[in-house]
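Asks:
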Amino acid sequence: MTRMHSQWDWLCLGLLIISSVTAEIEDGGVLGADVEVEDFDEESQQADVDKEESSLGVVYQTPKPTGDVYFAEPFDGELTGWVLSKAKKEDTDDTIAKYDGRWEVEELKENTVPGDKGLVLKSAAKHHAISAMLTKAFIFDKKPLIVQYEVNFQGGIDCGGAYIKLLSSTDDLDLEFFFDKTPYTIMFGPDKCGEDYKLHFIIRHRNPKTGEYDEKHAKRPDVDLKKFYLDKKTHLYTLVLKPDDTFEMLIDQSVISKGSLLEDMVPPVNPPKEIDDPTDKKPDDWDERPKIPDPNAVKPDDWDEDEPSKIEDLDAVKPEGWLDYEPQYVPDPSAKKPKDWDEEMDGEWEAPQVPNPKCATAPGCGLWVRPMKNNPKYKGKWKAPMIPNPNYQGIWSPRKIPNPDYFEDPHPFEMMTPISAIGLELWSMTSDIYFDNFIICSEKEVADRWAADGWGLKKLVASANEPGMFSQLVTAAEDHPWLWVLYILTLALPVGLGVLFCWPAKKTDEDFDLKKTDISMPVTKGGVKQGREELEDDEIDLEEEKENEDIGEDEDESKYGEDDDEENEVAGRSQEEGDETNKSGSEDEVTAADEIAGSGDGPLKSVRKRRVQKD
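Following numbering that gives the first Met the number 0, the numbering of the sequence shown begins with 0 at its first residue and continues without gaps.
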């Protein structure tokens, strides 16, 4: 039973390890934190199925918006309506101030879908600016704002952004002079520099009292975004801003952050009602000390502040073999004065010092000095013990006064400036950043169908080109080195379990002891002799009984047959019961006798069987 329990324990452990590896591989493509997956409508799911079927032949058709949209751009033709900026960036050196970064419309370098093109930022270490007017302006009233587009960092990203700006509707908006100071209402998208991976959502909120605009940043998502910048795949970025002042940010149609314009922006949209009084100052006699030295405490008379903290250990003894007259360092005997050494210029030449080889085998060299130890009489400088301060007044803070700049905007969504253009104003140290399939609308279903016809097809092609299971395992182990241990255990476990369950078990001493208990008594020579005599007597009795049976055979043949059957049946049952209840009985005794007497004695065998049946 112990062996079986051990085998089952190993089997359960093996299944647990295999499940862990499988779960890790499946989670390799999932975010480092839990995300809420958006439910798609049935039409979007059906569109995904249709594209999956067509992707076998890599058939691509330019997406077409199915509902009311404010802007849609698949970049499958010329850059119609897009305007390159001629402006210069302010407060920047003239050599890099121009927005002279190059843009091209081209296909993806990897996982290419023939016919599907996008807008690609081509220049590294340059400013780029390009923009386009919306089909119609978006006004923040009763409809939600949905902004969606695709980004692929084809060469990775060192430092740069891929965010977009939704430009505010103003009378002096001129796309040819679009630059970093052009007013915008919303900025949204990925940005990275160093190891700081961001997903921006910034609004420019107008102060109703002063008319000035302030930037409000959404709180950072609690998700590791590193994967989206380094995997060289096309990712879908979506912003949903609702009239109830809530927002959601999605990557690949999974919610990674959501919140409220009133509660989750930094700094807050609405300023505090009260602020610190700038004219209030802390009084000179304000006591912030929670504890003070006890003024009534007195230094004890036996407190000696002059005692040193360390003293010589008088019990220490110089080790035997200490070389008192040997220096720790000696001149290097192998060193030679350089040929170009000038004693007049360089002084008298001296060989460099090396450790004394005699000290290597000795406890030490040079003058022996007793080691130092802690002084038990040392107490240090006396200080009065601390007691609670009876005059403690707490930590001082200025008094609060009403905020003269306070205002309350209960619905910041409705106060946002209308949008009339979209623009990309970027600086990047990495080239080949791919943008595609911009859409601005008010219905999530429209954005989902648009994504299914564009990003959905890219996703299917990328999935079809994914490396095999072995490559995925190696990639996962590169990110998580501890997975190598699980891989080794997973490979070794089936072999170990096979050996554990299939290899024949050796008989142990315990098994032999159990079998020995079945033998009742050892058979001696005298016992065998006595047994043989009894068997011979029984044989004579059987012969006499057989003669009597022959005499009455004709008369009682039928009756005897029935009785014999009954006797055999009863004898059979008796034999089975005897075998089960007492194996150490007559059967083993007769068996032992038979082994000694010899197997060639036929009458003895028949008598033995007969006796067993009768017993």
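Every residue gets a Cβ at the ideal spot worked out from N, C-alpha and C, and that includes glycine.
Tell me whether Ala315 sits in a helix, a strand or coil according to DSSP, three-state version.
Replies: Along the sequence shown, one-based indexing puts residue 315 at 316. Coil at Ala315, not helix or strand.
Asks: Helix, strand or coil: which one does DSSP assign to Asp452?
Replies: Taking the first residue of the sequence shown as position 1, residue 452 is located at position 453. Helix at Asp452.
Asks: When we look at the beta-carbon of Tyr328 and count the other beta-carbons within 10 Å, is it buried (16 or more) or exposed?
Replies: The residue given as residue 328 occupies position 329 in the sequence shown. It is exposed - the Cβ of Tyr328 has fewer than 16 other Cβ atoms within 10 Å.
Asks: When you compare the stretch 57–68 with the stretch 445–464, are there three or more beta-carbon pairs, one atom per stretch, that lie closer than 8 Å?
Replies: With a cut-off of 8 Å, the stretch 445–464 and the stretch 57–68 count as touching, because enough Cβ pairs lie within range.
Asks: In whole angstroms, give me the CA-to-CA distance for Trp348 and Pro330.
Replies: Start at 1 with the first residue of the sequence shown, and residue 348 comes out as number 349. Start at 1 with the first residue of the sequence shown, and residue 330 comes out as number 331. Distance between the alpha carbons of Trp348 and Pro330: 12 Å.
Asks: Between which two residues does the alpha helix (DSSP H) containing Asp93 stretch?
Replies: Taking the sequence shown and counting its residues from 1, one reaches residue 93 at position 94. Per DSSP, Asp93 belongs to the alpha helix (DSSP H) from Asp93 to Ala96.
Asks: I'd like to check one pair, Asn436 with Ile274: are the Cβ atoms closer than 8 Å?
Replies: Position 275 of the sequence shown holds residue 274. Position 437 of the sequence shown holds residue 436. For Ile274 and Asn436, no; Cβs fall outside 8 Å.
Asks: For Asp275, report the span of its beta strand (DSSP E) as first-last.
Replies: To locate residue 275, count along the sequence shown from 1; it is residue 276. Run containing Asp275: Glu273 to Asp275, per the beta strand (DSSP E) assignment.
Asks: Identify, in the order they occur along the chain, each residue of the same chain with its Cβ nearer than 8 Å to the Cβ of Ile201, setting aside the five sequence neighbours on each side.
Replies: For the purposes of this step, residue 201 is taken as residue 202 along the sequence shown, with counting starting at 1. Cβ within range, chain order: Ile185, Met186, Phe187, Glu214, Lys215, His216 and Ala217.
Asks: Using beta-carbon positions only, say whether Lys290 and Pro387 come within less than 8 Å of one another.
Replies: Within the sequence shown, the letter at position 291 stands for residue 290. Within the sequence shown, the letter at position 388 stands for residue 387. Yes, these two residues count as a Cβ contact at 8 Å.
Asks: For a test of the three-state rule: what should DSSP assign to Ile250, helix, strand or coil?
Replies: Reading the sequence shown from its first residue, position 251 is the one you call residue 250. In the structure shown, Ile250 sits in a strand (DSSP, three-state: E or B).
Asks: Can you tell me the Cα-Cα spacing of Pro113 and Ala71, whole angstroms?
Replies: In the sequence shown, the residue the question calls residue 113 occupies position 114. In the sequence shown, the residue the question calls residue 71 occupies position 72. Near 20 Å, if we compare the C-alpha coordinates of Ala71 and Pro113.
Asks: With a threshold of 8 Å on Cβ separation, who are the neighbours of Gln352 within its own chain once the five nearest residues in sequence on each side are excluded?
Replies: On the sequence shown, position 353 is the one that residue 352 refers to. For Gln352, where only same-chain residues beyond five positions count, the Cβ hits under 8 Å are Tyr328, Val329, Pro330 and Asp331.
Asks: If you reduce the DSSP assignment to three classes, tell me which class Lys281 lands in.
Replies: For the purposes of this step, residue 281 is identified with residue 282 of the sequence shown, where counting begins at 1. If DSSP states are grouped into helix, strand and coil, Lys281 belongs with coil.
Asks: Reducing DSSP to helix, strand and coil, say where Leu240 ends up.
Replies: Walking along the sequence shown from the start, residue 240 turns up at place 241. Strand, per DSSP.
Asks: What are the boundary residues of the beta strand (DSSP E) that includes Tyr69?
Replies: Position 70 of the sequence shown, counting from 1, holds the residue named residue 69. Counting along the chain, the beta strand (DSSP E) containing Tyr69 begins and ends at Val68 to Glu72.
Asks: Could you tell me if Phe406 is buried or exposed, where buried requires 16 or more neighbouring beta carbons within 10 angstroms of its beta carbon?
Replies: Translated into positions along the sequence shown, residue 406 becomes position 407. Looking at its Cβ environment, which holds fewer than 16 other Cβ atoms inside 10 Å, Phe406 is exposed.
Asks: Just tell me which of Ala96, Cys358 and Arg203 has its CA closest to the CA of Lys164.
Replies: In the sequence shown, the residue the question calls residue 164 occupies position 165. Residue Arg203 is the option with its Cα nearest to Lys164.
Asks: List the DSSP bridge partners of Asp293.
Replies: By one-based count along the sequence shown, residue 293 stands at place 294. Partner(s): none; Asp293 has no beta bridge.
Asks: Using alpha carbons as the reference points, say which of Asp293, Pro143 and Lys232 lies closest to Ser462.
Replies: The residue labelled residue 462 in the question sits at position 463 within the sequence shown. When only C-alpha atoms are compared, the closest one is Lys232.
Asks: When we look at the beta-carbon of Cys501 and count the other beta-carbons within 10 Å, is it buried (16 or more) or exposed?
Replies: Start at 1 with the first residue of the sequence shown, and residue 501 comes out as number 502. Exposed: under 16 other Cβ atoms inside 10 Å.
Asks: Looking at the unbroken alpha helix (DSSP H) that takes in Met428, where does it start and where does it end?
Replies: Mapped onto the sequence shown, residue 428 falls at position 429. Per DSSP, Met428 belongs to no alpha helix (DSSP H) and is neither H nor E.
Asks: With a threshold of 7 Å on Cβ separation, who are the neighbours of Asp244 within its own chain once the five nearest residues in sequence on each side are excluded?
Replies: For this step, residue 244 is matched to residue 245 along the sequence shown. Same-chain partners within the cutoff: Ser259, Leu260, Leu261, His410, Pro411 and Phe412.
Asks: Hey, is Phe177 close to the ligand COA, as in C-beta under 7 Å from one of its heavy atoms?
Replies: The ligand COA is not among the ligands present in this structure, which contains no ligands whatsoever.
Asks: For chain C, find out if any of its Cβ atoms is closer than 8 Å to the Cβ of Asp213; answer yes or no.
Replies: In the structure shown, chain C does not exist; there is a single protein chain.
Asks: Could you give the residue range of the beta strand (DSSP E) that holds Asp213?
Replies: Taking the sequence shown and counting its residues from 1, the one referred to as residue 213 is at position 214. From DSSP, the beta strand (DSSP E) with Asp213 extends over Tyr212 to Ala217.
Asks: In the DSSP output, what is Ile81 paired with across the bridge?
Replies: Position 82 of the sequence shown, counted from the start, is the residue given in the question as residue 81. Ile is not the amino acid found at residue 81; the sequence shown has Trp there. Ala131.
Asks: Which residues does DSSP list as the beta-bridge partners of Trp102?
Replies: Start at 1 with the first residue of the sequence shown, and residue 102 comes out as number 103. BP columns for Trp102 point to Leu120.
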